[in-house]
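Enquirer: Per the numbering used here, the sequence shown runs over residues 62 to 359. Every residue, glycine too, gets a C-beta built ideally from N, C-alpha and C. Because the structure is a prediction, the values reported are computed rather than measured.
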Amino acid sequence: MNYQKTFDDPLKLTKLALLLSGINVIDKNISKAARLAIDSLFFFNLAWLYMDVIAEFFWLLDGLRIGKSFDELSIIAPCTTICLLSSAKSTALYCKGNILKATVKKFKEINEDNVELANLDDDNKDNNESVGTKTKDYVNRVKDRDIIKKSVKTLHNVILIMKCSSVVVVLVFCSLPLLSMAYDVHNYGETVKKLPFLVKYFFNPFTEMMWPLVGKQSGSHVFPVDSLQYNNKLVSDLPQCLQYHGTVYKYITRYIIVNGIPPVLTSSEVYTLSLSAGLTVGEVELAERRLHKYIRET
Numbered sequence: 062m063n064y065q066k067t068f069d070d071p072l073k074l075t076k077l078a079l080l081l082s083g084i085n086v087i088d089k090n091i092s093k094a095a096r097l098a099i100d101s102l103f104f105f106n107l108a109w110l111y112m113d114v115i116a117e118f119f120w121l122l123d124g125l126r127i128g129k130s131f132d133e134l135s136i137i138a139p140c141t142t143i144c145l146l147s148s149a150k151s152t153a154l155y156c157k158g159n160i161l162k163a164t165v166k167k168f169k170e171i172n173e174d175n176v177e178l179a180n181l182d183d184d185n186k187d188n189n190e191s192v193g194t195k196t197k198d199y200v201n202r203v204k205d206r207d208i209i210k211k212s213v214k215t216l217h218n219v220i221l222i223m224k225c226s227s228v229v230v231v232l233v234f235c236s237l238p239l240l241s242m243a244y245d246v247h248n249y250g251e252t253v254k255k256l257p258f259l260v261k262y263f264f265n266p267f268t269e270m271m272w273p274l275v276g277k278q279s280g281s282h283v284f285p286v287d288s289l290q291y292n293n294k295l296v297s298d299l300p301q302c303l304q305y306h307g308t309v310y311k312y313i314t315r316y317i318i319v320n321g322i323p324p325v326l327t328s329s330e331v332y333t334l335s336l337s338a339g340l341t342v343g344e345v346e347l348a349e350r351r352l353h354k355y356i357r358e359t
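1. Considering only C-alpha positions, which residue in the set V253, M112, P139 and C156 is nearest to G83?
2. Run through DSSP, which three-state label would I99 get?
3. Can you tell which of G250, S227, T152 and S92 has its C-alpha closest to the C-alpha of A78?
4. How would you write the range of the alpha helix (DSSP H) that I143 sits in, first residue to last?
5. Verify whether the separation of the beta carbon atoms of S236 and K255 is less than 8 Å.
6. Under a three-way DSSP split, which group does T215 fall into?
7. What separation, rounded to the nearest whole angstrom, lies between the Cα atoms of G158 and L134?
8. Beta carbon of L121, beta carbon of I99: below 8 Å?
9. Can you tell me whether A153 is buried or exposed? The criterion is at least 16 other CB atoms within 10 Å of its CB, across all chains shown.
10. Beta-carbon separation of L110 and C144 under 8 Å?
11. For a test of the three-state rule: what should DSSP assign to S82, helix, strand or coil?
12. For I160, which of M112, V86 and T142 has the nearest alpha-carbon?
13. Note down the Cα distance separating A95 from L81, rounded to an integer number of angstroms.
14. Taking buried to mean at least 16 other C-beta atoms within 10 Å of its own C-beta, is F234 buried or exposed?
15. Going by C-alpha distance, which of D245, F118, L102 and N90 is nearest S151?
16. Which residue marks the beginning of the alpha helix (DSSP H) containing S135, and which one marks its end?
17. Taking K162 as the reference, which of V246, N90 and V231 has the closest Cα?
18. Should V253 be labelled buried (16 or more other beta-carbon atoms within 10 Å of its own) or exposed?
19. Q290 by DSSP, collapsed to three states: which one?
20. Decide if S147 is buried, meaning its Cβ has at least 16 other Cβ atoms within 10 Å, or exposed.
21. Taking 8 Å as the limit between beta carbons, can you name the residues of its chain near F118, skipping five residues before and five after?
22. Less than 6 Å between C-beta atoms, sequence neighbours within five positions excluded: which residues of the same chain meet that for G128?
23. So what does DSSP say about K162, is it helix, strand or coil?
24. I need the straight-line Cα distance from I115 to A108, nearest angstrom please.
25. Looking only at its own chain, which residues have a Cβ that is under 7 Å from the Cβ of V246, when we skip the five neighbours before and after it?
26. From K93 to K73, what distance separates their C-alpha atoms?
27. Using the Cβ count rule (16 or more neighbours within 10 Å means buried), how would you classify N106?
28. Three-state secondary structure (DSSP) at S241?
29. Could you have a look at I115 and say whether DSSP puts it in helix, strand or coil?
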C-alpha cells in the first residue's frame, strides 16, 4: 500500500503542475467542455506571457535606438530567453499530448505489475526463507522493486523541491518592485513607480490608474506556461534592479545638456523626455529633482 502511494504522489503533483499550464495528461475520458477549458487555459497562458515578451522586445529596440550599452541591453536577455524556451517546451508537450498520456498510462501499468509482484513476494517470503532458498526470479524482482522504489522517491522529492521553489519565486517576483521602492524611500526619501519587467508599452503605464493594473498583470506572469522552467526568470530581475537604476542619471544629464530643458518640466515635457531617453516618467521626475538639488548644493 505504501509502495503504491509513493508512486501516485509525484504523479498527482506532475499532473496538477501540467494542468495549471493547460496541458492535460489525465488518462481517462473527460467532457468536451472540460477539454475545451483546459485547452483555452493553455492558449491564455501563452498569450498572457507573450504580452510582456513582445513589450520586452520593443524595450530592446528602443535601447538600441538611443544607444544603450551592451551591458544594459543584456540584462533582459535571460528573461526573454527563458520565456521562449519554456513556451517551446510546453508547446511540444501540448502538441504531443496523446503520446504523453500513453506514457503516463504505461508507467501506471508497470507500477501496478510491480505492486502485485511485491504483494506476492511478501506473501511467499516466509515460505522461501523456511526452505532456506530463494529462486532467481524472486531475487530479481526484489532488486527491480527496490530500484523503482528509490527512483520514484527521488522523483517525488524533486517535485516537492520545485513546488516549494515556485512558491518562493511567486512571492519574491511579485514583491521585488515594492521592495526596491521601499529601499529608495529609506535611502533617498523618495521613489518612483516600478514594474517587475523591463518593458515598453504603447501607453504610459505609470499613471495612478494604470500602474496597479499593469503591475498585477506583470506579476501574474510568474504563473508559468511551463511550470518546470518559467519561474527561473527571476534570475534576470536581480541584476536589473542593481544596474538599471544608475543609467537614469546618464540619460537625463545628456538630454538636459543637449536640449536645454528648463529648471521645471511640464508633464508633457517629462513624458517626452522619458520616451526619448528610454526611461519611465517616474524615473525622469526623480532624476530631474536630484539633478537640480545637486546644482543648488554645488
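Expert: Working from what's here:
1. Position 22 of the sequence shown, counting from 1, holds the residue named residue 83. Cα-wise, what sits closest to G83 is C156.
2. In the sequence shown, counting from the first residue as 1, residue 99 sits at position 38. Look at I99 here: in three-state DSSP terms it is helix.
3. Here the question's residue 78 lines up with position 17 in the sequence shown. Closest option to A78, Cα to Cα, is S227.
4. Looking up residue 143 in the sequence shown gives position 82. Per DSSP, the continuous alpha helix (DSSP H) segment holding I143 begins and ends at A138 to C156.
5. As a first step, residue 236 must be located in the sequence shown, where it is residue number 175. As a first step, residue 255 must be located in the sequence shown, where it is residue number 194. For S236 and K255, no; Cβs fall outside 8 Å.
6. Here residue 215 is taken as the residue at index 154 of the sequence shown, counted from 1. Helix.
7. Here residue 158 is taken as the residue at index 97 of the sequence shown, counted from 1. Here residue 134 is taken as the residue at index 73 of the sequence shown, counted from 1. Approximately 37 Å between the Cα atoms of the pair.
8. Here residue 121 is taken as the residue at index 60 of the sequence shown, counted from 1. Here residue 99 is taken as the residue at index 38 of the sequence shown, counted from 1. Annotated as distal: L121 and I99, with beta-carbon spacing of 8 Å or more.
9. Reading the sequence shown from its first residue, position 92 is the one you call residue 153. Under this definition A153 is an exposed residue.
10. Here residue 110 is taken as the residue at index 49 of the sequence shown, counted from 1. Here residue 144 is taken as the residue at index 83 of the sequence shown, counted from 1. Yes, these two residues count as a Cβ contact at 8 Å.
11. On the sequence shown, position 21 is the one that residue 82 refers to. Coil, per DSSP.
12. By one-based count along the sequence shown, residue 160 stands at place 99. Residue V86 is the option with its Cα nearest to I160.
13. Walking along the sequence shown from the start, residue 95 turns up at place 34. Walking along the sequence shown from the start, residue 81 turns up at place 20. Using only the alpha carbons, I get a separation of about 13 Å.
14. Start at 1 with the first residue of the sequence shown, and residue 234 comes out as number 173. Buried: at least 16 other Cβ atoms inside 10 Å.
15. Along the sequence shown, one-based indexing puts residue 151 at 90. The shortest Cα separation from S151 among D245, F118, L102 and N90 belongs to L102.
16. Taking the first residue of the sequence shown as position 1, residue 135 is located at position 74. Per DSSP, S135 belongs to the alpha helix (DSSP H) from F131 to S135.
17. Numbered from its first residue, the sequence shown carries residue 162 at position 101. Closest by alpha carbon: N90.
18. In the sequence shown, residue 253 corresponds to position 192, counting from 1. Flag for V253 reads buried.
19. Within the sequence shown, numbered from 1, the residue matching residue 290 stands at position 229. Reliability of the predicted coordinates at Q290 is poor, the pLDDT of 45 falling under 50, and the value obtained from them is presented with this limitation in mind. Of the three classes helix, strand and coil, the one that applies to Q290 here is coil, per DSSP.
20. Mapped onto the sequence shown, residue 147 falls at position 86. With 16 or more other Cβ atoms within 10 Å, it is buried.
21. In the sequence shown, residue 118 corresponds to position 57, counting from 1. So the qualifying residues of the chain are T141.
22. Looking up residue 128 in the sequence shown gives position 67. Result list for G128: empty, nothing under 6 Å.
23. By 1-based counting over the sequence shown, the position of residue 162 is 101. Note: K162 maps to helix in three-state DSSP.
24. For this step, residue 115 is matched to residue 54 along the sequence shown. For this step, residue 108 is matched to residue 47 along the sequence shown. Going by the C-alpha atoms only, they are around 10 Å apart.
25. If you number the sequence shown from 1, residue 246 lands on position 185. The answer, listed in chain order, is T252.
26. Numbered from 1 along the sequence shown, position 32 holds the residue referred to as residue 93. Numbered from 1 along the sequence shown, position 12 holds the residue referred to as residue 73. Distance between the alpha carbons of K93 and K73: 22 Å.
27. Position 45 of the sequence shown holds residue 106. So N106 ends up on the buried side.
28. Stepping through the sequence shown from its first residue, residue 241 is reached at position 180. In this structure, S241 counts as helix in the three-state DSSP scheme.
29. Looking up residue 115 in the sequence shown gives position 54. Helix at I115.
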